[in-house]
Ligand SMILES: [Zn+2]
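Residue numbers (our numbering): 77 to 1045.
Quick look at the structure:
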């Protein structure tokens, strides 16, 4: 192409990227409409993706139409002049794709992914969102209900509520002082369609949009297609919105807040406004430095001092950018019961720490450590999913210099000690806000937020707190506390990040067993493609653990035991985390521990870790026990304040699993019996006999992996003996078949404050096998989009409307889930049945061509390669955990997929939903829907026939029902 003809200019030739990033980038600006596009060419297989980010969000909402930007985001998916049917998601679904969008304060981001062969058409459909959307009046009227349901879902969410209180406390005329989600009250107006169009014309100008095209084609091959398409987006040369006036001048910000949270927890958050926001100073990151220091959890830390006195459960420090013209820095302390009543003492310690840090100032070695670990992390970063990468790039394109759009968040490059000191010295009482949350404050709170109806009280900052801020008095020697100071030097930081081989081609693709004896079995796989200097190790410790799968008290004791271990080793583990060595521990009936870190440093960390685990004894930690006990009790209580669909997720698993999970009420009851003495007794039996299952992968040889395993086992098997194999428990699922063909219904009343109801309707299929897994994926793909379109988009039953299939304890199930703010579970159940009938009808008329479309989409999904070594490790780990061990299951499924006939598909479908129907429904009923729900039940007096059988006691139900045999293939 001649220079004269070229339709774009190149914005930058150099985008800074990680050393191991093999992707190709091209950043251009279209001459016709000033749209900026980044092309990303990925040479590995995977999905194509695109994102479009508009530099306008809810700050641009007109005062009389709050939530408009967010509503517009929903509407763009619902039809354009060229593609009037609102079927973008259907198109994606047929092509292994998915889409999403979000509306932020200053950005609205749209994105999707799909298979390579459908990418150009998907782009055309997507591009027309920004060229000529329809805003069909019917869909406008309908879709605002989805926005309203979305807001209903958030009503009991403390994060949304607190954010709203912050925004509403900004200067009255500040654009920040808004309600961004919107609801029917703010959106249901006769002129709403005109308002949407006006907003669109005002803000969706090509010069304000940044795009990312993530492709597997050569950029040179696809670029003219992309350019021709996207230069049709109109450009009105709108200036990017700027917000010059700061929303929080000191006299507005300085205040003391009390707040009644939905969840039972106690918390105090100290905040300061800062002028040194990151957009201008991202290469220096002054606030990041201080959030590292305040949020540090190792030796000398603020958290250690607070914990030592029994005042805190946890602590977080960070900062938020507000309107690109200021930031809010915070220290957020999760309080214990003691901390709640002694909160001024907590503040005293925070203020003392601040005073010490002001005096000491920035330290070169801490900055240097942050810089080194930042570079290490950046250069060994694992590849993200294409769609996530695309949308985060476009978000960065709106903020950072073109060359820095990948690196932006990882910068620690320009050391500016003066600026860092200036930042901490700007934290004064004049620009300080304290936000104090606890349900115990209810009687002191008389103000009510008009959008979320939460209670709070705003008052001036009390003089005694100002005095304390000026003269904090924490002295560790007089109160028997811990010394406050700087993080110590970090010895865990890796120096050698080299790769052990360059010859990746000939390494095995799947794990193999490298050790098997009475102590353990170990699977290993050397990295054969990701080329990162990392090692991942995962281990399950089976033990004679007091039968935690069936004994609810021991189950709780095990949880607390683990928390105590973690707490006693917090400083050690946190220090390692700062050097990018991560540890995760779970108790899922057995103990599971996962490690990830640099190959050089991980082995010695593993040794140190298991030394500590092996020697750990909870006996000296009575005070910590009390804290952990309180924490777990609150967590169990707070289960009932969770969003219904989140509670539902737990109930679903609980209903189906034979053992290993306990009912929320049962747990709450059982925790009353847990004592410190019982923890000590429990400890005495735990890990006496053990058996280990290992998986190690990454940048190491099988010999190095064996060395790691042998040295850890030497530590663990001192004073311990192997657990006999027959003591290792086999997971089972309940068979939910009812002999009379009835559906089981388990009905639970939700907390009175909850306005949403929830249903899940679970259909049982057969045991997992290569063939059944493939059938399950075909059925999943067939149902997903029509279920969403019918029950959410058309019927507007709620914001959360999902269908999915998955295997639980090797049995396959189809799930339909709806969370609704408008209808009770009985109604939702009827609609699901109607949908199922419709689908049965549709399946009976299905042709080979129809199945072929589904097959192709499923095949693309199956062919998708893992993006990162941790994702690959997870796939293999699931095979090991579930004891299926078919490491090439995807390849086998692809083969099987070709063989599936239309008859087999029809047979499986009718078997699940009609011929061998086995169904259980979980109904979570909101108080506002109870009456209507009762009316919809078939009544016995009227002699109405019901196909529902109500479960009186779920525990009894689980005992009575037969169990599935655990089997694979
Ligand atoms: Zn939304």
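For glycine and all other residues, C-beta sits at the position ideal for the given N, C-alpha and C. Since the model is a prediction, treat every value here as computed from it, not as a measurement.
- For residue 882, DSSP records a beta bridge to 889.
- Assignment of beta-bridge partners to residue 821 by DSSP yields 997, 1026.
- Residue side-chain check: residue 130 keeps its Cβ at 7 angstroms or more from all non-hydrogen atoms of ligand 1.
- The three-state reading of DSSP puts residue 718 in coil, since its state is none of H, G, I, E or B.
- Here the C-alpha atom of residue 459 lies approximately 42 angstroms from the C-alpha atom of residue 697.
- Contact between residue 859 and residue 915 holds: their C-beta atoms lie close to 7 angstroms from each other, under 8 angstroms.
- Nearest in C-alpha terms to residue 690, of all of 316, 251, 638, 725, is 638.
- One Cα belongs to residue 1002, the other to residue 831, and the distance between them is close to 6 angstroms.
- Distances from the CB of residue 226 to the heavy atoms of ligand 1 include at least one below 7 angstroms.
- Buried is the label assigned to residue 470, since at least 16 other Cβ atoms lie within 10 Å of its Cβ.
- In this structure, DSSP gives residue 289 an extended state, which the three-state scheme calls strand.
- A straight line joining the alpha-carbon of residue 1004 with that of residue 272 spans about 32 angstroms.
- If you check the C-beta of residue 150 against ligand 1, you find a heavy atom less than 7 angstroms away.
- Residue 384 has its CB no nearer than 7 angstroms to any heavy atom of ligand 1.
- The C-alpha of residue 555 is placed about 45 angstroms away from the C-alpha of residue 786.
- Residue 329 and residue 530 have their C-alpha atoms some 20 angstroms from each other.
- Listed as beta-bridge partners of residue 591 by DSSP are 598.
- Boundaries around residue 555 are those of the alpha helix (DSSP H), 552-555, since no beta strand (DSSP E) includes it.
- Straight through space, the alpha carbons of residue 928 and residue 920 are spaced by roughly 16 angstroms.
- Placement of the Cβ of residue 146 at a distance of less than 7 angstroms from at least one heavy atom of ligand 1 is found.
- DSSP, reduced to helix, strand and coil, places residue 611 within a strand of the structure shown.
- As the crow flies, the alpha-carbon of residue 385 is around 12 angstroms from that of residue 551.
- Judged by pairs of C-beta atoms under 8 angstroms, the segment 642-657 touches the segment 677-689, as three or more such pairs exist.
- Annotation for residue 898 indicates a beta carbon at 7 angstroms or more from all heavy atoms of ligand 1.
- Taking all protein chains in view, the Cβ of residue 437 is surrounded by fewer than 16 other Cβ atoms within 10 Å, so the residue is classified as exposed.
- Taken through DSSP and simplified to helix, strand or coil, residue 199 comes out as helix.
- Counting along the chain, residue 368 sits inside the alpha helix (DSSP H) bounded by residues 362-371.
- Annotation for residue 223 indicates a beta carbon within 7 angstroms of some heavy atom of ligand 1.
- Assignment of residue 139 by DSSP, reduced to helix, strand and coil, places it in the coil class.
- Contact fails between the segment 231-248 and the segment 304-319, because fewer than three Cβ pairs, one in each stretch, are under 8 angstroms apart.
- When C-beta atoms of the segment 158-177 are compared with those of the segment 186-197, three or more pairs fall below 8 angstroms, so the two segments count as touching.
- Residue 453 carries a helical assignment under DSSP once its states are collapsed to helix, strand and coil.
- Counting only the Cα atoms, residue 636 lies some 31 angstroms from residue 999.
- Rounded to the nearest whole angstrom, the CA to CA distance from residue 586 to residue 804 is 25 angstroms.
- Across the set 966, 468, 369, the C-alpha of 468 shows the shortest separation from the C-alpha of residue 483.
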